[in-house]
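In what follows, a structure is listed as structure tokens, so that the remarks can point back to it.
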Amino acid sequence: MEPQSSSVTDFSKLVRTMPDGFEFGWKFYPPEGVCNTEEHSIMEDLQSDEKWDEFLAHLISNHENVNETIQTASLIRTRGYREICESLAKGEYKFSDPTRIEIPKPGKKETRKIYTLKKGKDIREHTVVRMISWLLNRYSYYFSPNLYSVSDNDGVRGAVNNLLSILESGDKYCYKADLTNFFNTIDIDIMMDDLYSSLDERDKDIVKVLETILRNPVVRAIGPDGNKIGKIDDLDKGVMAGMPFAPFLANFFLKDLDWILYLNGISYYRYADDIMVAIDNSIDLDKAEAFVNAYVRSRHLTLNPKKIERYEPGEDFIFLGICFNNGKTTISDSTLKKQKAKLKTAARKYRRMYERGQVTRDTATAMMVRWVGNYHYGSDYVPYSFSKMYFPLISSSEKLNSIDRYAQECIRYVYTGKMRLGGSKEISYKAMKLMGYLPLVSAFRIYKKLNRSKNYSVAEEAR
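The opening residue of the sequence shown carries number 476 in my numbering; numbering runs sequentially from there.
Dropping the structure here:
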């Protein structure tokens, strides 16, 4: 579906008053005639063994985390979900208090809070909620084509490629914004009103299930040091980042903003909490920025002032971890920093294993090399990888060299206990390669060659 052509100068007609006292003149919904065509309600499908088998096939075909998929497969094949689903259908089941985990951000003092219903090896509640989240995708027609945090729109790759095609003219003014702690600050009252008014009547019982989970004030808290804090009240947790349904709800919460900008022909890109607008002139960019700001305030959200940026035509800018520079794309400095932080964390882990006598020095080093390979190129147990994420998006290996050098330093640290630049008598670059180390720069060259021949099996070829 192509955007309707519309003059951006008529932008102010979309609101009654703007920006103070902001209200919508109307709401936007999917095209007429588009609706939920599923034969059964979500609650009915939760009772269907055939639907659960279909869900498992989806997990396997999409290369989900292998360890969790094995656990999920066992639960589904033994029909271990039935008790919970039958109790939900009767309106009797009450989910456990979720666990809130604080995870330190790499290289920063802040932490991010994620939530889970997993209880050790008991993943029944977590799996049932995953199933509900998967079934909610029948309402994905509410998502506009300029929302890229959904698989149908090709994710980050789709956003970057489409943005690049818009920027080819070299005359676009851009506005970039980021929502502060988006998932965990979503207003639940507004969220529930949206769901109750938008989903089919037959699925209102599932909305009630979600509401019960989200409004539960009690969490089992685990601090950033990994120590258990115990049960505490957590009243402002939004849609609970980390929960399986959180991405769907976060996408759903801003659906009207997405549709309004799309239907008015605005070059607009949203990936979860990241927003980018590209327009022909600075005056219309002012209008678009004011509109986005007003909408965000109306939803009781906050933009991160440190991440609001405006760019002149041809000026370098960063979006979704990619640096755009006159048609050339590289990973951003912040992405580079995050990759190094992850490498350092892994190196410390394997060095500690050696120092505690858990493994030999050679074994610890080999484990680090294997970890680097899995992290960079993926494996059966690590389906998501750096190369899968970034190789399709970048046109230059410029910053890959820096990651390679740091990865080699981390491998040497595991072996020697010291971070060293350049070569080392104790463990040479040649020795690393014999252990299976493959630098990103070499793998990227292979990827570009395979890409030109329309062969995309880079991970296998790189190995």
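Glycine included, C-beta positions come from ideal geometry on N, C-alpha and C.
None of these values were measured; they are calculated from a predicted model.
Proximal residues to residue i (C-beta, below 6 Å), its chain only, five neighbours per side dropped
i, result
"residue 707", "696"
"residue 800", "791"
"residue 521", "560"
"residue 661", "713, 714 and 728"
"residue 910", "841 and 844"
Own chain residues within Cβ distance below 7 Å of residue i, not counting five before or after
i, result
"residue 674", "614 and 682"
"residue 568", "559 and 562"
"residue 600", "559, 570, 571 and 592"
"residue 737", "478, 619, 620, 621 and 743"
"residue 819", "885"
Nearest-angstrom Cα separation, counted from residue j out to residue i
i, j, result
"residue 559", "residue 514", "22 Å"
"residue 914", "residue 892", "22 Å"
"residue 528", "residue 551", "7 Å"
"residue 730", "residue 619", "7 Å"
"residue 498", "residue 860", "Its pLDDT being 43, under 50, residue 498 is placed unreliably by the model, and the measurement read from it follows with that caveat. Rounded to whole angstroms, residue 498 to residue 860 spans 43 Å at the Cα level."
"residue 814", "residue 684", "38 Å"
"residue 838", "residue 877", "26 Å"
"residue 757", "residue 770", "20 Å"
"residue 783", "residue 795", "13 Å"
"residue 802", "residue 828", "45 Å"
"residue 678", "residue 557", "19 Å"
"residue 710", "residue 692", "5 Å"
"residue 635", "residue 584", "30 Å"
"residue 694", "residue 686", "15 Å"
"residue 845", "residue 752", "41 Å"
"residue 808", "residue 668", "40 Å"
"residue 755", "residue 772", "25 Å"
"residue 880", "residue 904", "10 Å"
"residue 531", "residue 542", "13 Å"
Own chain, CB closer than 8 Å to residue i, minus 5 neighbours either side, in chain order
i, result
"residue 843", "821, 822, 825, 885, 886 and 889"
"residue 586", "577, 578, 579, 580 and 699"
"residue 533", "609"
"residue 665", "728, 774 and 775"
"residue 624", "630, 722, 725, 726, 745, 746 and 747"
Burial state of residue i, where buried means 16 or more other Cβ atoms lie within 10 Å
i, result
"residue 916", "exposed"
"residue 869", "buried"
"residue 548", "exposed"
"residue 907", "buried"
"residue 853", "buried"
"residue 554", "exposed"
"residue 516", "buried"
"residue 874", "buried"
"residue 749", "buried"
"residue 862", "buried"
"residue 777", "exposed"
Subject >> Contiguous alpha helix (DSSP H) assignments of at least 4 residues, all confined to the region 696 to 762 >> reply: 721 to 728 and 730 to 738
**OP:** For the region 797 to 831, list the beta strand (DSSP E) runs that are entirely contained and at least 3 residues long, ordered along the chain.
**Re:** 797 to 800 and 803 to 806
Subject >> beta strand (DSSP E) segments (min. 3 residues) lying fully within the region 833 to 868 >> reply: none
**OP:** Decide yes or no for the touch test of the region 638 to 658 against the region 787 to 795: beta carbon pairs closer than 8 Å, at least 3 of them.
**Re:** yes
Original post:
Are there three or more Cβ pairs, one per stretch, closer than 8 Å when the region 605 to 613 is compared with the region 702 to 721?
Top reply: yes
Subject >> the region 653 to 667 contacting the region 759 to 767, beta-carbon criterion three pairs below 8 Å >> reply: no
Subject >> Every unbroken beta strand (DSSP E) inside the region 624 to 654 [3 residues or more] >> reply: 648 to 653
Original post:
What are the uninterrupted segments assigned as beta strand (DSSP E) that are 3 or more residues long and contained completely in the region 558 to 586, given in chain order?
Top reply: 574 to 579
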